[in-house]
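Chains as they are written, first to last, in numbering that gives the first Met the number 0: chain A, 0 to 159; chain B, 0 to 159; chain C, 0 to 159; chain D, 0 to 159; chain E, 0 to 159.
Shown next, in structure tokens, is the structure this report addresses.
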Amino acid sequence: MKIGIADTTFARYDMGRAAIKEIRRVVSVEIERYTVPGIKDLPVAAKKLIEERGCDIVMALGMPGAAEKDKMCAHEASSGLISAQLMTNTHIIEVFVHEDEAPDEKTLGWLAEMRTVEHAQNVIRLLYYPDKMTRLAGTGQRQGYEDAGPIESGGSGSSH
Amino acid sequence: MKIGIADTTFARYDMGRAAIKEIRRVVSVEIERYTVPGIKDLPVAAKKLIEERGCDIVMALGMPGAAEKDKMCAHEASSGLISAQLMTNTHIIEVFVHEDEAPDEKTLGWLAEMRTVEHAQNVIRLLYYPDKMTRLAGTGQRQGYEDAGPIESGGSGSSH
Amino acid sequence: MKIGIADTTFARYDMGRAAIKEIRRVVSVEIERYTVPGIKDLPVAAKKLIEERGCDIVMALGMPGAAEKDKMCAHEASSGLISAQLMTNTHIIEVFVHEDEAPDEKTLGWLAEMRTVEHAQNVIRLLYYPDKMTRLAGTGQRQGYEDAGPIESGGSGSSH
Amino acid sequence: MKIGIADTTFARYDMGRAAIKEIRRVVSVEIERYTVPGIKDLPVAAKKLIEERGCDIVMALGMPGAAEKDKMCAHEASSGLISAQLMTNTHIIEVFVHEDEAPDEKTLGWLAEMRTVEHAQNVIRLLYYPDKMTRLAGTGQRQGYEDAGPIESGGSGSSH
Amino acid sequence: MKIGIADTTFARYDMGRAAIKEIRRVVSVEIERYTVPGIKDLPVAAKKLIEERGCDIVMALGMPGAAEKDKMCAHEASSGLISAQLMTNTHIIEVFVHEDEAPDEKTLGWLAEMRTVEHAQNVIRLLYYPDKMTRLAGTGQRQGYEDAGPIESGGSGSSH
């Protein structure tokens, strides 16, 4: 098994290092890292990690800015990551932390670390323990900030 | 025949369980379940269910959040699901319940349950009874909330 | 020659019936009908009509709602229909009637009927009389509401 | 060499005729014309001109309306034209004139004529004189309205 | 090794020349230049540079206008460039300078020059020194304007 880590020089936090550290903490697996300038370079980097370097799953790490133009970049990158997955039948777990998701730099760094770590755990689950994923289905998991948790079951509760 | 169920840990209601329960209630068919972190992971999960696990149709279940960013995620996921269908010539029935579609958690749970159940019935119709679908053509069917119903025929009524 | 008709149970007017009636009125041709739940299911339905049931052209009929979310659905469906055409080198004529295009239900039904009928005529022209299409080039044709008509030629008229 | 002209019956100006006239004025080349109902039908028409009728380059001519919905149509058509180019490794020069680009019908007709003519010249340059294109690189060329022209070089001018 | 340079006649600054000059200053490598009318013509130009002229990496240089319509063009071009990369497993480094990114023409020219030069350095790193890219991961690199720089590490700093 081999896990690919695609990250950027644009990001203001070393999410690649955080991902590798968490993966190594939990499992013994080969890791390939590939750094590109920005998030729009991630789709082809992830696809190359899969097709040219034999990765079984990839994490695509990035930190889009807060401007309107940056949101469009993130949209283009996300769409490209989905296309790359469909072309390879391989998961690419997108870990994007938007600069406007945190009130200050300290929290932003914390969020980038936490979201990366929790998605690294998702990657390990998808690769080794798919049944653990299914046990978490519909439970309102979030990566970084607090989990939303499951809502109460309906079926009889609403008169709608 | 085999039906695939792709769902997420992000959702706050166990839509996967609801789908499986309804399908089993109506028909005897093999079911494959595949749980991923979020809705943007659904397109490749659905494609893998079709191409690697032999599913003849897939339900893609998810619960996008209410923020602007979540709506963009839903758009990206939906576009990916359409691409996955075109690449496989296989239906993937998208069942998304947006968090802002219901006024409170109870109704949201009820809506998630009902929409899943009614789309499970669509899946069964598409797979076994396509003629039943055609009998419902143009009748304003909705999944979850009340049907809109057919409108009055025109052709002579309007002087527009 | 075979014409495919893809329509939905979501639509509130039986556009599929209107299309078939108009086609049969004008030409003798084989028709395949395929009904799906909503407009996002139309791209793969159209592609299956072309690749699995041998249709030479397809009409994709739908009636998107008036909400913002419905407009996004229509955008995703339209993009998918264009992709399906490019993958098959075959025309899929999109006939969408947006619920907010008409002031009341009666006019909406009339519009759905008229737009379907006029696009059925386009389908017949594309299939049998491409020269008739070219004679209409640049003449401001509309389907349903009144034609916009051609504008006056420029080249000398403006001092811009 | 063969040039394809894809145009629409929706447009209110005969851009196809304008394109053919300008091409014939400058070079002796085979021309194939293909008229479709609207701009969303242009991508597959252009692809068919390339793959089924042997065109080496295509002009895709259209006139989107001024409403919000029309802008979305133009976006979908443009995206499809780019996909068609990538699938064929062949240029499709998009010539769209938006109805709200001109203050009145006369100017709109003038603009449709001029933009088509100037893009026909681009098509000829791309096909026969690529070096002429490169000599115009970075010079602020516009098609229809006045050229923007080159801006002054920087590198030393700004203290930013 | 061969580097492709795709640029436009629409741009108001000769970004192609700036890119070639910087590349030649640093390395000895074959360069192919391909000029097209506008940014929406860049995706197929870049793909042709890769598949027909043997380029190992491409720079796609453009200068979108400030209007809403221009932003949509940039979005379509960017999406196409990502698709072209996925179809070729080859990097295409997008260098777009939006006209509204600078307060005046002088600064705009300066920005176009600087962003092109800094991205030319990225291209060289990706091609020859991928390890140098990884050393810059997560350091907040920007092309043109000042680098944002890395933010302080979290993990313990926030009580969120």
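All C-beta atoms, glycine included, are put in the ideal place defined by N, C-alpha and C.
From a predicted model like this one, the values you see are computed outputs, not experimental measurements.
Other residues of its chain near residue 153(D): CB distance less than 7 Å, five sequence neighbours each side excluded: Residue mapping note: residue 153(D) aligns to position 154 of the fourth sequence, counting from 1. Confidence in residue 153(D) is poor, its pLDDT being 44 and thus under 50, which makes the residue's placement too unreliable to answer from.
Residue 53(C) vs residue 7(C) beta-carbon contact at 8 Å: Taking the third sequence and counting its residues from 1, one reaches residue 53(C) at position 54. Taking the third sequence and counting its residues from 1, one reaches residue 7(C) at position 8. Against a cut-off of 8 Å, the Cβ pair of residue 7(C) and residue 53(C) comes out as no contact.
Test item: CB-CB of residue 118(C) and residue 75(D) under 8 Å: Looking up residue 118(C) in the third sequence gives position 119. Looking up residue 75(D) in the fourth sequence gives position 76. No, they are not a contact pair.
Member of 133(E), 96(E) and 85(E) whose CA lies at the smallest distance from the CA of residue 49(A): Translated into positions along the first sequence, residue 49(A) becomes position 50. Selected option, being the one with the closest Cα: 85(E).
As assigned by DSSP and simplified to three states, the class of residue 37(E): In the fifth sequence, counting from the first residue as 1, residue 37(E) sits at position 38. Correct three-state label for residue 37(E): coil.
Buried/exposed call for residue 148(B), threshold 16 Cβ in 10 Å: As a position in the second sequence, residue 148(B) is number 149, starting the count at 1. Counting Cβ neighbours within 10 Å, residue 148(B) comes out exposed, since fewer than 16 surround it.
Distance between beta carbons of residue 22(E) and residue 123(E), contact taken as under 8 Å: Start at 1 with the first residue of the fifth sequence, and residue 123(E) comes out as number 124. Start at 1 with the first residue of the fifth sequence, and residue 22(E) comes out as number 23. Residue 123(E) to residue 22(E), Cβ: 7 Å. Contact.
Own chain residues within Cβ distance below 6 Å of residue 45(E), not counting five before or after: Indexing the fifth sequence from 1 puts residue 45(E) at position 46. If we look at residue 45(E) and ignore the five residues flanking it on each side, its Cβ neighbours are 5, 57, 59, 83 and 91.
Closer than 8 Å to chain B by CB, residue 18(A): The count along the first sequence starts at 1 and reaches residue 18(A) at position 19. Cβ-Cβ to chain B under 8 Å: no for residue 18(A).
Buried versus exposed call for residue 25(E) [16 or more other C-beta atoms within 10 Å across all chains shown]: Here residue 25(E) refers to the residue found at position 26 when the fifth sequence is read from its first residue. Residue 25(E) is exposed by the Cβ-count criterion.
Start and end residues, beta strand (DSSP E) containing residue 125(A): Within the first sequence, the letter at position 126 stands for residue 125(A). Here residue 125(A) belongs to no beta strand (DSSP E); instead the alpha helix (DSSP H) covers 104–127.
Continuous alpha helix (DSSP H) assignments of at least 4 residues falling wholly in the region 37–78 of chain A: 41–50
Cα-Cα separation between residue 9(E) and residue 93(E), rounded to whole angstroms: Taking the fifth sequence and counting its residues from 1, the one referred to as residue 9(E) is at position 10. Taking the fifth sequence and counting its residues from 1, the one referred to as residue 93(E) is at position 94. Roughly 16 Å separates the two Cα atoms.
Alpha carbon of residue 70(B) to alpha carbon of residue 70(E), nearest angstrom: As a first step, residue 70(B) is located in the second sequence; it is residue number 71 there, counting from the start. As a first step, residue 70(E) is located in the fifth sequence; it is residue number 71 there, counting from the start. If you take the alpha carbons of residue 70(B) and residue 70(E), they lie about 20 Å apart.
Per-residue DSSP class, three states only, for residue 13(E): By one-based count along the fifth sequence, residue 13(E) stands at place 14. DSSP places residue 13(E) in coil when its eight states are reduced to three.
Classification of residue 128(A) by the beta-carbon crowding that lies within 10 angstroms, buried from 16 upward: The sequence position of residue 128(A) within the first sequence is 129, counting from 1. Looking at its Cβ environment, which holds fewer than 16 other Cβ atoms inside 10 Å, residue 128(A) is exposed.
Distance, residue 116(D) Cα to residue 18(D) Cα: In the fourth sequence, counting from the first residue as 1, residue 18(D) sits at position 19. In the fourth sequence, counting from the first residue as 1, residue 116(D) sits at position 117. Their Cα atoms are separated by approximately 6 Å.
Continuous beta strand (DSSP E) stretch holding residue 94(A): start and end: Counting from 1 along the first sequence, the entry for residue 94(A) is found at position 95. Per DSSP, residue 94(A) belongs to the beta strand (DSSP E) from 91–95.
Minimum Cβ-Cβ distance from residue 85(A) to chain B less than 8 Å: The count along the first sequence starts at 1 and reaches residue 85(A) at position 86. Yes, its Cβ sits closer than 8 Å to a Cβ of chain B.
Beta-carbon neighbours of residue 78(A), restricted to chain B and to distances below 7 Å: As a working note, residue 78(A) is residue 79 in the first sequence. Within chain B, the residues near residue 78(A) are 75 and 78.
Outcome for residue 145(C) when other beta-carbon atoms lying within 10 angstroms are tallied against a minimum of 16: Position 146 of the third sequence, counted from the start, is the residue given in the question as residue 145(C). Residue 145(C) should be labelled exposed.
Through-space distance from residue 80(C) to residue 42(C), alpha-carbon basis: For the purposes of this step, residue 42(C) is taken as residue 43 along the third sequence, with counting starting at 1. For the purposes of this step, residue 80(C) is taken as residue 81 along the third sequence, with counting starting at 1. Those two C-alpha atoms are separated by around 5 Å.
Beta-carbon gap between residue 125(A) and residue 132(A) smaller than 8 Å: For the purposes of this step, residue 125(A) is taken as residue 126 along the first sequence, with counting starting at 1. For the purposes of this step, residue 132(A) is taken as residue 133 along the first sequence, with counting starting at 1. Going by C-beta atoms, residue 125(A) is nearer than 8 Å to residue 132(A).
Test item: CB-CB of residue 33(D) and residue 111(D) under 8 Å: The residue you call residue 33(D) lines up with position 34 of the fourth sequence. The residue you call residue 111(D) lines up with position 112 of the fourth sequence. No, they are not a contact pair.
Check whether residue 39(E) and residue 77(D) have beta carbons under 8 Å apart: As a first step, residue 39(E) is located in the fifth sequence; it is residue number 40 there, counting from the start. As a first step, residue 77(D) is located in the fourth sequence; it is residue number 78 there, counting from the start. Yes, the Cβ-Cβ distance between residue 39(E) and residue 77(D) is below 8 Å.
Beta-carbon proximity list for residue 98(E), same chain, < 6 Å, skipping 5 on both sides: Residue numbering aside, residue 98(E) sits at position 99 when the fifth sequence is read from its first letter. Hits under 6 Å: 64 and 65.
Beta carbon proximity, residue 61(E) to chain D, threshold 8 Å: The count along the fifth sequence starts at 1 and reaches residue 61(E) at position 62. Closer than 8 Å: no.
Per-residue burial, residue 0(B) [other beta carbons within 10 Å of its own, 16 or more giving buried]: Along the second sequence, one-based indexing puts residue 0(B) at 1. Exposed is the call here.
Beta bridge counterpart(s) of residue 5(C) as assigned by DSSP: Locating residue 5(C) in the third sequence gives position 6, where the first residue counts as 1. DSSP output for residue 5(C) lists 33(C) and 59(C) as bridge partner(s).
Amino acids of chain B, ordered along the chain, whose beta-carbon sits closer than 8 Å to that of residue 135(A): What you label residue 135(A) is simply residue 136 of the first sequence in a count that begins at 1. Going along chain B in sequence order, the residues near residue 135(A) (Cβ under 8 Å) are 8 and 34.
Three-state class that DSSP yields for residue 87(C) in the structure shown: Walking along the third sequence from the start, residue 87(C) turns up at place 88. Helix, per DSSP.
Contact with chain E by residue 70(A), beta-carbon distance below 8 Å: Mapped onto the first sequence, residue 70(A) falls at position 71. Not closer than 8 Å to any Cβ of chain E, the Cβ of residue 70(A) fails to qualify, so no.
Among 139(C), 29(C) and 16(C), the one whose alpha carbon lies nearest that of residue 108(D): Reading the fourth sequence from its first residue, position 109 is the one you call residue 108(D). Of the candidates 139(C), 29(C) and 16(C), the one whose C-alpha sits nearest the C-alpha of residue 108(D) is 139(C).
Inter-residue CB distance, residue 95(D) and residue 137(D) (contact presumed, cutoff 8 Å): Counting from one through the fourth sequence, the residue named residue 95(D) turns up at place 96. Counting from one through the fourth sequence, the residue named residue 137(D) turns up at place 138. So it is not a contact: roughly 23 Å between Cβ atoms.
Exposed unless 16 or more other CB atoms sit within 10 angstroms - verdict on residue 134(D): The residue labelled residue 134(D) in the question sits at position 135 within the fourth sequence. With fewer than 16 other Cβ atoms within 10 Å, it is exposed.
For residue 68(E) and residue 101(D), the rounded distance between their alpha carbons: As a first step, residue 101(D) is located in the fourth sequence; it is residue number 102 there, counting from the start. As a first step, residue 68(E) is located in the fifth sequence; it is residue number 69 there, counting from the start. If you take the alpha carbons of residue 101(D) and residue 68(E), they lie about 14 Å apart.
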